[in-house]
Amino acid sequence: MSAKIDFGPRENSSRQIAADNGIEILDEGGRLPADAAERLQNSTRGVLYVPDRGVPIHEDSFARIIKTMAQTEPTHLDPHIPVATELGLPKYEPLAYWCPGKTATSRGLLSRLWNRNFRLDSTAFAPDEDNSTALIETTPEEQVHYFATNFPVLCPQPIQVSPVVSNSCNLKCIMCPYHSPDIRPKHTTGFFDEKSQMSWETMMRIAEECGERKIGLKVGNIEEPLLHPRMIDFVREARKRGVPSFHITSNGLPLDEARLNELYDAGLTSLYISVDAARHDTYKRVRGASLDKVQANIRMAVRIRDERNVPCTVRTSFVKNKGVSLEEVDEFRERWVAEADGVILYNLAEYEDGNSHFDEVNEFVQERMKSAQGRWPCLNPFQEIYVLPDSRVYYCCETVSKLAFETLPSNGDYERQSLTDIWIGESFTKLRKDLILNQLSDWSACIDCGIWMAHAMKVTEADDRITTQNMITEIVDRKK
Numbered sequence: 070m071s072a073k074i075d076f077g078p079r080e081n082s083s084r085q086i087a088a089d090n091g092i093e094i095l096d097e098g099g100r101l102p103a104d105a106a107e108r109l110q111n112s113t114r115g116v117l118y119v120p121d122r123g124v125p126i127h128e129d130s131f132a133r134i135i136k137t138m139a140q141t142e143p144t145h146l147d148p149h150i151p152v153a154t155e156l157g158l159p160k161y162e163p164l165a166y167w168c169p170g171k172t173a174t175s176r177g178l179l180s181r182l183w184n185r186n187f188r189l190d191s192t193a194f195a196p197d198e199d200n201s202t203a204l205i206e207t208t209p210e211e212q213v214h215y216f217a218t219n220f221p222v223l224c225p226q227p228i229q230v231s232p233v234v235s236n237s238c239n240l241k242c243i244m245c246p247y248h249s250p251d252i253r254p255k256h257t258t259g260f261f262d263e264k265s266q267m268s269w270e271t272m273m274r275i276a277e278e279c280g281e282r283k284i285g286l287k288v289g290n291i292e293e294p295l296l297h298p299r300m301i302d303f304v305r306e307a308r309k310r311g312v313p314s315f316h317i318t319s320n321g322l323p324l325d326e327a328r329l330n331e332l333y334d335a336g337l338t339s340l341y342i343s344v345d346a347a348r349h350d351t352y353k354r355v356r357g358a359s360l361d362k363v364q365a366n367i368r369m370a371v372r373i374r375d376e377r378n379v380p381c382t383v384r385t386s387f388v389k390n391k392g393v394s395l396e397e398v399d400e401f402r403e404r405w406v407a408e409a410d411g412v413i414l415y416n417l418a419e420y421e422d423g424n425s426h427f428d429e430v431n432e433f434v435q436e437r438m439k440s441a442q443g444r445w446p447c448l449n450p451f452q453e454i455y456v457l458p459d460s461r462v463y464y465c466c467e468t469v470s471k472l473a474f475e476t477l478p479s480n481g482d483y484e485r486q487s488l489t490d491i492w493i494g495e496s497f498t499k500l501r502k503d504l505i506l507n508q509l510s511d512w513s514a515c516i517d518c519g520i521w522m523a524h525a526m527k528v529t530e531a532d533d534r535i536t537t538q539n540m541i542t543e544i545v546d547r548k549k
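If you count the sequence shown from 1, you need to add 69 to reach this note's numbering.
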């Protein structure tokens, strides 16, 4: 038996009476299995409320809901992937609420439903999540259902887009897999043979789409972005169109007072300057240039930022290369925590054929691996997109790092597709499914990569600083 219940103008809000025992089903969008009322006939009195989140309730989830109905405590369905959800996987609002002993006309419940339908405040509905049990356990099939097949409903666009604006750099750092004179002869593709740069038309498309959808931009991957002649224009046009944040990673050498003022005028919100040394001999050996010049440019960036009161974070970074002493790392940390907003110390041991390897797995990550019973899905393909100068699209920094060593299948073609079409398309959906199931044979960049561990972070605070550590980085920020 079913009947309409008048909670307002939402035509798909419906009430079903499962049986004489008083089970009531409020399924706004018809997201429960078709035989839900029949299967709930032997359950205890209460209300099962399914707000329309746009996602069908998986069969295994519904079976779990039925099993919990014998309990007297309120519950809500909140599907998780072990560890990955804790580390930042996009998260659903509760997909269903079980309120034992209630009816839809209970005074408090009716009031909260009224709020839910008219004020669009899902937190107003009982049970209060703080006072109900979350059903977070999921089978692999449920994980694929919620976080691959239906992921576009949860997260219809990337959180961040990383345009690779060229394949050129003004330095030849010894550890760089792209431009190092020692590593370059080992390249097996022609990606770096000829200079290429992203067209202004492509940059403007990215600015328009990311501005409209409020997606942040991050530039500076395999290239020195400030070598692109339209870089400052890109920042300006992106920010003008609504891009909420714009980050640049640079080696700092192309900076001067005029360019810094232009970048700040354009709306740059974050600037990381790669240094990799605290001493002149190390900088010369690693980067082949003048430490005095880059340090002067960092100090100038901070000074102009402060004088103009511009909301832009300025950090420095240091890749811990072989042969660099811990004393020099400490010197770098102390110098730039004091003079800039913070430092980023990269623990990347080395690149071998484009794969990222780490010397050790720290204890914090080991604890998470035990909880996940092994490898958890890397979060990058659930968060970001990389766009190359030729409009090929990839899913993480590791795929970009392999451009010199392997021709990987592209996840999309930005010349023919929008970012959002690529994001919700077949390739990304298959990738997320395979990561969830740990079936990586079709994704060679993932098989030997350790970056999936880097999302596990540990934060500690001291009197003057906050330190965030993961497998790749140690980020030390000066407290404001």
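The beta carbon of each residue, even a glycine, is placed where N, CA and C say it ideally should be.
In this text the structure is predicted, and so the values were computed from the model without any measurement.
Output the distance between the C-alpha atoms of residue i and residue j, rounded to the nearest integer angstrom.
i           : j           : result
residue 237 : residue 249 : 12 Å
residue 293 : residue 275 : 19 Å
residue 102 : residue 136 : 15 Å
residue 99  : residue 164 : 12 Å
residue 287 : residue 394 : 31 Å
residue 309 : residue 280 : 8 Å
residue 538 : residue 317 : 21 Å
residue 414 : residue 106 : 57 Å
residue 258 : residue 299 : 27 Å
residue 421 : residue 243 : For residue 421, the predicted structure reports a pLDDT of 44, less than 50, and the residue's modelled location is therefore unreliable. A value from the coordinates is still provided. Going by the C-alpha atoms only, they are around 13 Å apart.
residue 91  : residue 450 : 44 Å
residue 116 : residue 131 : 14 Å
residue 126 : residue 436 : 31 Å
residue 386 : residue 213 : 37 Å
residue 282 : residue 484 : 19 Å
residue 390 : residue 439 : 30 Å
residue 324 : residue 370 : 8 Å
residue 337 : residue 495 : 34 Å
residue 231 : residue 525 : 22 Å
residue 516 : residue 253 : 23 Å
residue 381 : residue 265 : 29 Å
residue 148 : residue 506 : 16 Å
residue 97  : residue 104 : 16 Å
residue 278 : residue 490 : 11 Å
residue 399 : residue 138 : 57 Å
Confirm, please, whether the CB-CB distance from residue j to residue i is below 7 Å.
i           : j           : result
residue 227 : residue 521 : no
residue 514 : residue 457 : no
residue 444 : residue 220 : no
residue 169 : residue 224 : no
residue 153 : residue 498 : no
residue 295 : residue 319 : yes
residue 233 : residue 291 : yes
residue 146 : residue 118 : no
residue 347 : residue 397 : yes
residue 129 : residue 211 : yes
residue 345 : residue 388 : yes
residue 383 : residue 329 : no
residue 331 : residue 301 : yes
Does residue i pass the burial test, meaning 16 or more other C-beta atoms within 10 Å, or should it be called exposed?
i           : result
residue 411 : buried
residue 503 : buried
residue 157 : exposed
residue 120 : buried
residue 528 : exposed
residue 461 : buried
residue 392 : exposed
residue 343 : buried
residue 133 : buried
residue 480 : buried
residue 446 : buried
Identify, in the order they occur along the chain, each residue of the same chain with its Cβ nearer than 8 Å to the Cβ of residue i, setting aside the five sequence neighbours on each side.
i           : result
residue 368 : 408
residue 200 : 143
residue 240 : 248, 293, 320, 322, 356, 357 and 358
residue 205 : 147, 148, 149 and 154
residue 326 : 369 and 373
CB-CB under 7 Å to residue i, same chain, minus the five flanking residues each way: which ones, in chain order?
i           : result
residue 423 : In this predicted model, residue 423 has a pLDDT of only 45, less than 50, meaning its place in the structure is not dependable enough to derive any value.
residue 545 : 402, 406, 411, 412, 534 and 536
residue 306 : 273 and 276
residue 467 : 425, 514, 518 and 520
residue 523 : 539, 540 and 541
For residue i, which residues of its own chain have a beta-carbon under 6 Å away from its beta-carbon, when the five flanking residues on both sides are left out?
i           : result
residue 285 : 229, 313 and 314
residue 122 : 164
residue 543 : 414
residue 202 : 142 and 144
Given the structure, does residue i come close to the ligand COA, in the sense that its CB is under 6 Å from one of the ligand's heavy atoms?
i           : result
residue 392 : Of ligands this structure carries none, so the ligand COA is not represented either.
Exercise for review: Would you mind listing the beta strand (DSSP E) stretches within the stretch 461-530 that are 3+ residues and don't spill past its ends, in chain order?
Suggested key: Along the stretch 461-530, the beta strand (DSSP E) occurs as fully enclosed runs of 3 or more residues at 461-463 and 527-530, listed in sequence order.
Practice item. Could you pull out every unbroken alpha helix (DSSP H) segment of at least 4 residues lying fully inside the stretch 220-282, listed in chain order? Key: Correct list: 220-223 and 269-282.
**Study point:** Continuous alpha helix (DSSP H) assignments of at least 4 residues falling wholly in the stretch 355-416
**Key:** Taking only runs of at least 4 residues, the alpha helix (DSSP H) segments lying wholly in the stretch 355-416 are 360-377 and 395-408.
Review point. Mind pulling the beta strand (DSSP E) runs of 3 or more residues that sit fully within the stretch 289-359?
Key: Entirely contained in the stretch 289-359, the beta strand (DSSP E) runs reaching 3 residues are, in chain order, 315-319 and 339-343.
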